[in-house]
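*Asks:* Per this note's numbering, residue 110 is the first one in the sequence shown, and the count goes up by one each step.
Take this structure, written in structure tokens, and hold onto it; I'll ask about it next.
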Amino acid sequence: MIRRLLLWLVLALAIGTLLWGAVCALFILTRPTVTFTPEELARPAADLPAGFLWGTATSAHQIEGGHDNDWTRFESVPGNIEGGDRSTVATDHWNRMPEDVALMKAIGANAYRFSIEWSRLEPEEGAWNESAWSRYQDLVRQLRDAGITPMVTLLHFTLPNWLADRGGVVAAEFPERFSRFAAQAGRRLGDDVELWCTINEPNVQMYMGYLAGVWPPLETSPARAASAWVGLARAHAGAARALRSVDPDARVGIALNQMTLQPEWRYWLPDWLTVRLVDQAWNWAFYDAIRDGRVRLRLPGASIDETLPDLEGSADYFGLNYYHRYLLHAVPGAPQGVQMRPGPGMQSELGGDPPPGDSYPEGLLLLMREAQKRYGLPIYITEAGIADDEGVMRGPLIRGHVEAIQRALSEGIPVRGYFHWTLMDNFEWDKGYRPRFGLYRVDRETLERTPAGGATVFAAFSPER
Ligand code: GCO
110 MIRRLLLWLV
120 LALAIGTLLW
130 GAVCALFILT
140 RPTVTFTPEE
150 LARPAADLPA
160 GFLWGTATSA
170 HQIEGGHDND
180 WTRFESVPGN
190 IEGGDRSTVA
200 TDHWNRMPED
210 VALMKAIGAN
220 AYRFSIEWSR
230 LEPEEGAWNE
240 SAWSRYQDLV
250 RQLRDAGITP
260 MVTLLHFTLP
270 NWLADRGGVV
280 AAEFPERFSR
290 FAAQAGRRLG
300 DDVELWCTIN
310 EPNVQMYMGY
320 LAGVWPPLET
330 SPARAASAWV
340 GLARAHAGAA
350 RALRSVDPDA
360 RVGIALNQMT
370 LQPEWRYWLP
380 DWLTVRLVDQ
390 AWNWAFYDAI
400 RDGRVRLRLP
410 GASIDETLPD
420 LEGSADYFGL
430 NYYHRYLLHA
440 VPGAPQGVQM
450 RPGPGMQSEL
460 GGDPPPGDSY
470 PEGLLLLMRE
480 AQKRYGLPIY
490 ITEAGIADDE
500 GVMRGPLIRG
510 HVEAIQRALS
520 EGIPVRGYFH
530 WTLMDNFEWD
540 KGYRPRFGLY
550 RVDRETLERT
560 PAGGATVFAA
570 FSPER
């Protein structure tokens with residue numbers, strides 16, 4: 110009797126192990142990884158195709174100076190920003206536009222992604238600031254004259270105070286007000302601008318503002334996070350419709366923060382399942398919603414399933430912001446049940462707790478393949494970069510990204526442009542001025558810009574050279 114029981118037990122264990130192995134193998138096979146060898150990265154890369162957009166990216170609040178918005182209020186509270194830094198002057202780009210366009214030209218850039226500051230352009234609800242609009246009109250003209258294609262972002266995290274006071278991105282009126290702003294932008298800048306990015310990183314804005322509670326409005330509520338998500342999706346859809354109606358040539362998209370996610374333990378099913386869940390929610394839920402016209406998101410503690418008007422097909426391209434790889438480990442009791450840590454690649458100096466993921470250029474290729482499979486849209490890498498004070502990691506990073514782009518192109522993936530984050534060191538949100546992401550180094554005393562490590566590598570890949 111006991112022998113029989115033991116036999117059954119052994120049999121059950123063997124079958125269990127086999128099944129376990131089969132499921133793990135399935136996960137591993139369906140999520141292949143890629144490694145670029147040092148030899149591959151040491152050989153010269155093939156030229157990027159003619160017409161490929163090779164540029165830098167910035168955002169208004171991080172470089173312009175002179176703002177009055179929800180972030181400037183946030184910065185005035187001691188303890189909110191590392192080192193007590195403020196965006197008051199930033200890099201004074203508002204007064205140095207021609208000089209900064211010349212900097213782009215000097216490193217062979219033929220494209221530039223930047224944002225226009227809503228709080229400057231509509232300081233009071235419904236009152237447009239004409240001189241601010243004409244400054245941006247001048248900027249796009251200067252860019253065109255220099256042979257630099259602009260991509261304009263309408264919302265890069267910051268909100269006018271009048272809107273923030275009424276609830277910001279969760280306010281019922283937000284989508285409509287934002288669409289009205291988009292229509293104005295299309296009318297005033299549309300002659301020189303074809304490429305539009307409605308919103309920068311709605312996933313970051315939702316997470317940092319409404320779940321982690323470290324950015325305005327400092328909330329930590331899954332239910333409010335879900336409302337922010339829906340508000341941002343509605344606003345994007347409305348803005349896309351508005352832009353297309355005033356500017357028939359407009360090509361509209363949205364920039365999503367994307368991460369490479371891998372299991373900490375390769376043969377541990379809970380880690381694979383965690384990767385699946387986080388990957389879907391973080392990397393794909395927003396563009397899936399655009400593809401399907403239906404917002405579906407599951408957060409621990411809240412879930413949404415809503416069909417939204419105008420959302421379906423509201424993107425002409427897939428916008429990919431890429432910085433980090435994380436290894437995920439399922440740990441009951443950890444925040445959201447997940448422990449995240451960087452992989453073994455180059456470590457960004459962004460800082461923070463938990464620390465940021467490592468740089469893994471191969472991940473860019475994996476994400477582009479997945480985006481192509483899901484949407485088949487042209488792809489722009491709307492941001493990619495590294496905080497690197499000494500400037501020693503930036504060059505190899507750019508080389509790795511070019512490798513990823515070349516391989517994607519050779520597989521028939523329609524990648525059309527790359528915007529390196531960033532043109533010059535700037536105000537890095539709650540981290541202040543410490544992390545240096547710039548292809549130009551900015552002296553914080555004199556604001557003088559000088560080429561940083563990585564600038565010559567960037568210039569060497571320019572299709573314009
Ligand atoms: C973001 C933004 C940028 C950052 C950049 C570096 O991802 O938070 O788009 O504003 O400065 O990503 O962290």
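In this text, a Cβ means the ideal position worked out from N, Cα and C, and glycines have one as well.
Verify the contact flag: residue 178, CB atom, against every heavy atom of ligand 1, threshold strictly below 6 Å.
*Replies:* False, no ligand heavy atom lies under 6 Å from that Cβ.
*Asks:* Using the rule of at least 16 other Cβ atoms within 10 Å of the residue's Cβ for burial, across every protein chain shown, is residue 148 buried or exposed?
*Replies:* Exposed, since its Cβ has fewer than 16 Cβ neighbours within 10 Å.
*Asks:* Going by C-alpha distance, which of 173, 222, 219, 215 is nearest residue 228?
*Replies:* Nearest C-alpha to residue 228: 173.
*Asks:* Quick check: does the Cβ of residue 168 come within less than 6 Å of any heavy atom belonging to ligand 1?
*Replies:* At least one heavy atom of ligand 1 is nearer than 6 Å to the Cβ of residue 168, so yes.
*Asks:* Using three-state DSSP, classify residue 233 as helix, strand or coil.
*Replies:* Of the three classes helix, strand and coil, the one that applies to residue 233 here is strand, per DSSP.
*Asks:* Three or more C-beta pairs closer than 8 Å, one from the stretch 265-273 and one from the stretch 209-228: is that the case here?
*Replies:* Enough Cβ pairs lie closer than 8 Å, so yes.
*Asks:* Taking Cβ to Cβ, would you say residue 155 is nearer than 7 Å to residue 515?
*Replies:* For residue 155 and residue 515, yes; Cβs fall inside 7 Å.
*Asks:* With C-beta atoms as the reference, is residue 262 less than 7 Å away from residue 162?
*Replies:* Not a contact, by the Cβ cut-off of 7 Å.
*Asks:* Check for me: the beta strand (DSSP E) holding residue 439 runs from which residue to which?
*Replies:* Its beta strand (DSSP E) spans residues 427-439.
*Asks:* Measuring from the CB of residue 530, is there a heavy atom of ligand 1 at a distance below 6 Å?
*Replies:* At least one heavy atom of ligand 1 is nearer than 6 Å to the Cβ of residue 530, so yes.
*Asks:* In the DSSP assignment, find the alpha helix (DSSP H) that holds residue 285 and state where it starts and stops.
*Replies:* Unbroken alpha helix (DSSP H) run through residue 285: 283-298.
*Asks:* Which residues does DSSP pair with residue 309 in a beta bridge?
*Replies:* Residue 309 pairs with 364.
*Asks:* My output table needs one value for residue 163: the three-state DSSP class, helix, strand or coil.
*Replies:* Residue 163 falls in the strand class under three-state DSSP.
*Asks:* Confirm the yes/no value for this check: CB of residue 309, any heavy atom of ligand 1, distance under 6 Å.
*Replies:* Yes - ligand 1 has a heavy atom lying nearer than 6 Å to the Cβ of residue 309.
*Asks:* Exposed or buried, which one is residue 418 when buried takes at least 16 other CB atoms within 10 Å?
*Replies:* When all chains shown are included, residue 418 counts as exposed.
*Asks:* Is the number of C-beta pairs between the stretch 310-320 and the stretch 230-248 that are closer than 8 Å three or more?
*Replies:* Contact fails: fewer than three Cβ-Cβ distances are below 8 Å.
*Asks:* Could you pull out every residue in the same chain whose Cβ sits closer than 8 Å to the Cβ of residue 476, ignoring the five residues on either side in sequence?
*Replies:* Closer than 8 Å at Cβ, skipping near neighbours: 367, 369, 392, 429, 431.
*Asks:* Using the C-alpha atoms, what's the distance from residue 350 back to residue 412?
*Replies:* Cα-Cα distance, rounded: 26 Å.
*Asks:* Report yes or no: do three or more beta-carbon pairs, one from the stretch 487-499 and one from the stretch 530-543, lie closer than 8 Å?
*Replies:* Because the criterion of three Cβ pairs below 8 Å is met, the stretch 487-499 and the stretch 530-543 touch.
*Asks:* Among all the DSSP beta bridges, which residues are the ones paired with residue 550?
*Replies:* 559.
*Asks:* Assuming residue 517 and residue 474 make a contact with CB atoms under 8 Å, what is their CB distance in whole Å?
*Replies:* Between residue 474 and residue 517 the Cβ distance is about 6 Å, and since that is below 8 Å, they are a contact.
*Asks:* Going along the chain, which residues of its own chain have a beta-carbon closer than 7 Å to the beta-carbon of residue 500, five neighbours each way excluded?
*Replies:* Same-chain partners within the cutoff: 561, 562, 563.
*Asks:* Drop a sphere of 10 angstroms on the beta-carbon of residue 152, count the other beta-carbons inside from all chains shown, and report buried for 16 or more, exposed for fewer.
*Replies:* Under this definition residue 152 is an exposed residue.
*Asks:* Measure how close the beta-carbons of residue 200 and residue 551 come, nearest whole angstrom, since I'm counting them as under 8 Å.
*Replies:* About 5 Å; that satisfies the 8 Å criterion.
*Asks:* Can you tell me which of the three DSSP states residue 400 falls into?
*Replies:* Of the three classes helix, strand and coil, the one that applies to residue 400 here is helix, per DSSP.
*Asks:* Let's test the definition: count the other Cβ atoms within 10 Å of the Cβ of residue 110 and tell me whether it reaches 16, buried, or not, exposed.
*Replies:* Label assigned to residue 110: exposed.
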